[in-house]
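Student:
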């Protein structure tokens with residue numbers, strides 16, 4: 001059993017009683033980068049003391065930077081379709097929502113969208129679709145991935161496509177792997193089975209277990225990296241975080257590969273959904289921050305993703321709490337970047353800053369923007385990636401590769417003030433992270449010089 005409801009409820013109830021010294025010991029243990037237990041995570045989710053909360057947040061930042069350094073990966077979601085056969089009462093895409101303008105992008109339209117993203121400076125895409133596909137079914141998905149990879153603009157191209165689509169059978173996952181995707185991402189939405197049944201009332205998505213077992217089928221089919229997550233607000237957020245941890249540890253124990261990413265979207269208003277305006281669980285900002293920090297301590301090696309559902313202020317704050325990947329300049333409807341901004345969106349966006357504005361804020365916070373895809377393309381994926389991430393060795397690659405991709409952005413897209421700030425951050429990060437007489441520091445200097453001279457796509 002992946003999710004033991006009674007166990008989770010018992011753990012949450014017991015964690016309501018804890019001492020300050022117990023919290024201090026948990027945080028001390030977390031700094032060893034080996035994770036914390038379910039019971040310890042539950043204790044941290046129940047913190048209210050301001051000093052202890054501050055200690056939790058500082059520990060989360062320490063753990064993230066010990067694993068990945070100060071780099072923050074940037075990507076954009078690309079919605080290719082908002083057609084869906086499911087009836088999820090919190091989602092604007094649900095099939096009964098006749099007010100939503102529906103559209104599935106053609107391959108020519110997908111090329112327009114990719115071109116628009118390339119013109120901003122994006123290099124990584126998360127392809128998203130409603131859980132129904134026009135024409136040839138899954139062939140539409142496979143064709144769309146190929147179109148994204150094949151699109152070129154002014155020498156620029158998308159270097160990695162991650163995918164968020166409906167759960168597949170094992171043979172279908174085998175076909176998806178042939179498309180050279182990065183991470184396969186799927187949210188359980190809520191791990192609480194009774195709540196899941198109430199919120200998913202029609203369509204294939206009604207099947208809780210088929211969705212929960214999707215990552216097993218994906219990994220058994222040879223998909224290297226998977227991403228999971230709850231939609232916070234559908235049920236008690238403390239329960240959802242503990243269930244996400246149980247799912248993470250189950251995958252790691254069973255396959256030797258935990259989740260490459262964990263996303264933590266918080267429910268936002270969706271067109272035609274009264275539930276989205278009045279969710280079951282309304283998280284305060286402090287509740288949300290605790291969720292981010294506890295995930296970082298409990299699964300230290302995973303990439304934690306924060307979307308543009310959150311406000312700029314919250315996203316900036318979460319950079320200090322363990323988040324390691326953020327979307328930027330997002331649109332959550334097909335055509336939103338280029339040909340038709342009126343097609344229906346899945347939910348309301350809260351952060352509408354441009355990519356340049358997001359990068360500027362990341363740099364001001366002394367974090368290194370990254371468009372890196374080096375691990376995917378060198379085969380440093382799955383268990384090989386985990387073997388380097390868990391002991392904190394991966395940042396030896398993450399930081400230099402972040403610098404190279406950020407330098408590309410500075411040369412090709414950045415306005416002059418950002419370019420100056422960006423190179424100053426690259427210089428200070430390189431000096432702080434690597435001895436100046438080390439081979440890595442010399443390699444960084446050589447590659448940065450080559451990028452300024454016109455070389456592109458350098459990584460190791």
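In UniProt numbering, the protein residues as written are 1 to 460.
For every residue, glycine included, the Cβ atom is placed at its ideal position computed from N, Cα and C.
In this text the structure is predicted, and so the values were computed from the model without any measurement.
According to DSSP, is residue 230 helix, strand or coil?
Tutor: Looking at residue 230 - three-state DSSP - the assignment turns out to be strand.
Student: State buried or exposed for residue 171, treating a residue as buried only when at least 16 other CB atoms are found within 10 Å of its CB.
Tutor: The residue is exposed, with fewer than 16 neighbouring Cβ atoms inside 10 Å.
Student: Please report the residue range of the beta strand (DSSP E) in which residue 164 lies.
Tutor: Residue 164 -> beta strand (DSSP E) spans 160 to 164.
Student: Assuming residue 132 and residue 141 form a contact by the criterion Cβ under 8 angstroms, report the distance between their Cβ atoms to the nearest whole angstrom.
Tutor: Actually they do not touch by this definition, with Cβ atoms about 11 angstroms apart.
Student: So for residue 422, helix, strand or coil by DSSP?
Tutor: Of the three classes helix, strand and coil, the one that applies to residue 422 here is helix, per DSSP.
Student: Identify which residue in 182, 256, 217, 275 has its Cα closest to the Cα of residue 199.
Tutor: Comparing Cα-Cα distances from residue 199 to each of 182, 256, 217, 275, the minimum goes to 275.
Student: If distances are taken between C-alpha atoms only, which option among 84, 114, 247 comes closest to residue 102?
Tutor: Considering only alpha carbons, the answer is 84.
Student: If you compare alpha carbons, which of 21, 139, 155 is closest to residue 454?
Tutor: Out of 21, 139, 155, 155 has the C-alpha closest to the C-alpha of residue 454.
Student: Take the Cβ of residue 467 as the centre, count every other Cβ of all protein chains shown within 10 Å, and call the residue buried at 16 or more, exposed below.
Tutor: What the structure shows of the chain is the stretch from 1 to 460, and residue 467 is not part of that stretch, so it cannot be assessed.
Student: Comparing alpha-carbon positions, which option in 449, 451, 450, 430 lies nearest residue 441?
Tutor: Minimum Cα distance to residue 441 is reached at 430.
Student: Rounded to a whole number of angstroms, what is the C-alpha to C-alpha distance between residue 459 and residue 446?
Tutor: So the alpha carbons of these two residues sit roughly 12 angstroms apart.
Student: Between the Cα of residue 325 and those of 308, 334, 331, 333, spot the shortest distance and give me the residue it belongs to.
Tutor: Residue 325 has its Cα closest to that of 308, out of 308, 334, 331, 333.
Student: Sorted by chain position, which residues of the same chain lie with C-beta nearer than 6 angstroms to residue 433's C-beta, five sequence neighbours on each side aside?
Tutor: Excluding residues within five positions, the ones whose Cβ falls inside 6 angstroms are 399.
Student: Any idea what DSSP makes of residue 171, helix, strand or coil?
Tutor: Helix, per DSSP.
Student: Spatial neighbours of residue 91 within its chain, please: CB distance less than 7 angstroms, with the 5 preceding and 5 following residues excluded, ordered by chain position.
Tutor: Contacts found: 270, 273, 346.
Student: On a Cα-Cα basis, can you pick out the residue from 189, 415, 182 that is closest to residue 206?
Tutor: Among 189, 415, 182, the Cα nearest to that of residue 206 belongs to 189.
Student: Should residue 86 be labelled buried (16 or more other beta-carbon atoms within 10 Å of its own) or exposed?
Tutor: Buried is the call here.
Student: Give the single residue among 262, 261, 281 whose Cα lies nearest to the Cα of residue 234.
Tutor: Nearest option by C-alpha distance: 281.
Student: Report yes if the C-beta distance between residue 30 and residue 297 is below 7 angstroms; otherwise report no.
Tutor: In contact: residue 30 and residue 297 (Cβ atoms closer than 7 angstroms).
Student: Between which two residues does the beta strand (DSSP E) containing residue 303 stretch?
Tutor: Looking at the DSSP string, the run of the beta strand (DSSP E) that includes residue 303 is 303 to 306.
Student: Can you look up residue 273 in the DSSP assignment and give me helix, strand or coil?
Tutor: Coil, per DSSP.
Student: With a CB to CB cut of under 6 angstroms and the five nearest residues on each side skipped, what residues in its chain are close to residue 236?
Tutor: Excluding sequence neighbours, residue 236 sits near 281.
Student: Just grab the DSSP bridge partners of residue 88 for me.
Tutor: Beta-bridge pairing links residue 88 to 200.
Student: Is residue 77 helix, strand or coil when you go by DSSP?
Tutor: Strand.
Student: Any idea which residues DSSP pairs residue 225 with across the strands?
Tutor: Answer is 183, bridged to residue 225.
Student: Taking the CB atoms as reference points, tell me whether residue 259 and residue 222 lie closer together than 7 angstroms.
Tutor: Going by C-beta atoms, residue 259 is not nearer than 7 angstroms to residue 222.
Student: When you compare only the Cα positions, how much space is there between residue 100 and residue 67?
Tutor: Going by the C-alpha atoms only, they are around 43 angstroms apart.
Student: Mind listing, in chain order, the continuous alpha helix (DSSP H) runs of no fewer than 4 residues lying wholly within the stretch 101 to 139?
Tutor: With a minimum length of 4 residues, the continuous alpha helix (DSSP H) runs that stay inside the stretch 101 to 139 are 107 to 120.
Student: So residue 11 is in the alpha helix (DSSP H); what residue range does that whole segment cover?
Tutor: Note, residue 11: alpha helix (DSSP H), 5 to 14.
Student: Anyone know if the C-beta pair for residue 163 and residue 127 falls short of 7 angstroms?
Tutor: Yes, the pair counts as a contact, with Cβ atoms nearer than the cut-off.
Student: If you draw a straight line from the alpha carbon of residue 314 to that of residue 173, how long is it in whole angstroms?
Tutor: Roughly 35 angstroms separates the two Cα atoms.
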